[in-house]
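What follows is a single structure, written as structure tokens, with notes after it.
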Amino acid sequence: MLHLQNYLSESQQREILHHCREIGKRAPLFIPTMKNRSPFNYQMTNCGKVGWISDQNGYQYIENHPVTNKPWQPIPEVIRNLTKSLAAKVGDYNFTPETCLINYYQKENSKLGIHQDNTEINKAAPIISISLGDDGIFLIGGKRRKDPTKEIILKSGDILILHDESRMFYHGIKGIVPGTSNLLNSGGRLNLTIRQVY
Ligand code: MD3
Ligand code: FE
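This is the structure we're talking about:
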């Protein structure tokens, strides 16, 4: 795992945020559910050829927004270029950004339970995460659910690259720290997760 702290300048953060707002106009945020229909504690949308969702059929990558049924918007070029150059930092010179999951943690009690990212067919490509807005309290463990976890604060402009062993580490978001960033007028935290699925 590579944690690049304060990697993005404020103007780069604002540019990415602007793209997220444009994407959100055509692909509105929604609350995913588990198989048993219980809702997650955050909102999400996607861009890319496919997008990750969770509903009564479980975790899946699909080609259309589940509410509008329209294809996802393309991944903005600045995010494609940025993530390709970030992947090269950890040795992957052939990373293809195929999907970008946009998670929005709006409330103090927004969170994401400990899990492993298993929906992707390609389990070798790195995963790249971009944090914007309020601090996120990130938990990272090991390959087994019972492995001890440690807490890392993800701040606006931080990048996390999950590669090699860490690609399959259990992880989650314990919560956010409201009022720690003024990037988003509405408050809260946005996380972009860029992946090669196939
Ligand atoms: C560690 N998102 O969408 S990003 C997810 O902040 C997810 O929204 C969190 O976990 C968020 O699946 C964490 C950082 C991250 C992303 C993928 C990982 C950490 C990871 C994959 C393996 C290990
Ligand atoms: Fe995850």
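So that you can map any letter, position 31 of the sequence shown is 30 in numbering that gives the first Met the number 0, and since no number is skipped, the others follow by simple counting. A virtual CB, placed ideally from N, CA and C, is assigned to each residue, including glycine.
Item to check | Residues whose Cβ lies closer than 6 angstroms to any heavy atom of the ligand FE, in chain order | outcome: H114, D116 and H170
Next on the checklist: On a Cα-Cα basis, can you pick out the residue from I52, K48 and K142 that is closest to E62?
Outcome noted: As a position in the sequence shown, residue 62 is number 63, starting the count at 1. Taking only the C-alpha atoms, the option nearest E62 is K48.
Next on the checklist: How far does the alpha helix (DSSP H) with N203 in it extend, from its first residue to its last?
Outcome noted: No answer is possible for residue 203: it lies beyond the span of the chain, which begins at 0 and ends at 197.
Checklist entry - Expressed to the nearest angstrom, what Euclidean distance is found between the alpha-carbon atoms of D242 and L191? => result No answer is possible for residue 242: the residues shown for the chain start at 0 and end at 197.
Next on the checklist: Contact between the segment 9–19 and the segment 178–193 is defined here as three or more beta-carbon pairs at a separation below 8 angstroms; is this criterion met?
Outcome noted: These segments touch.
Checklist entry - Roughly how far, in whole angstroms, is the beta-carbon of T82 from the beta-carbon of I127, given that I think they are within contact range, below 8 angstroms? => result Taking the sequence shown and counting its residues from 1, the one referred to as residue 82 is at position 83. Taking the sequence shown and counting its residues from 1, the one referred to as residue 127 is at position 128. The Cβ separation is near 5 angstroms, so the contact holds.
Item to check | For T44, the first and last residue of its enclosing beta strand (DSSP E) | outcome: Indexing the sequence shown from 1 puts residue 44 at position 45. Taken as a continuous stretch (DSSP letters only), the beta strand (DSSP E) holding T44 covers Q42 to G47.
Item to check | Whole-Å CB distance - Q12 paired with G174, under 8 angstroms assumed | outcome: Against the sequence shown, residue 12 aligns to sequence position 13. Against the sequence shown, residue 174 aligns to sequence position 175. In fact, because the Cβ distance is near 21 angstroms, the residues do not count as touching under 8 angstroms.
Next on the checklist: Using a 10 Å radius around the Cβ and a threshold of 16 neighbouring Cβ atoms, would you call I120 buried or exposed?
Outcome noted: In the sequence shown, residue 120 corresponds to position 121, counting from 1. It is exposed - the Cβ of I120 has fewer than 16 other Cβ atoms within 10 Å.
Checklist entry - Using DSSP with H/G/I as helix, E/B as strand and the rest coil, what is L16? => result Translated into the one-based positions of the sequence shown, residue 16 becomes position 17. Helix at L16.
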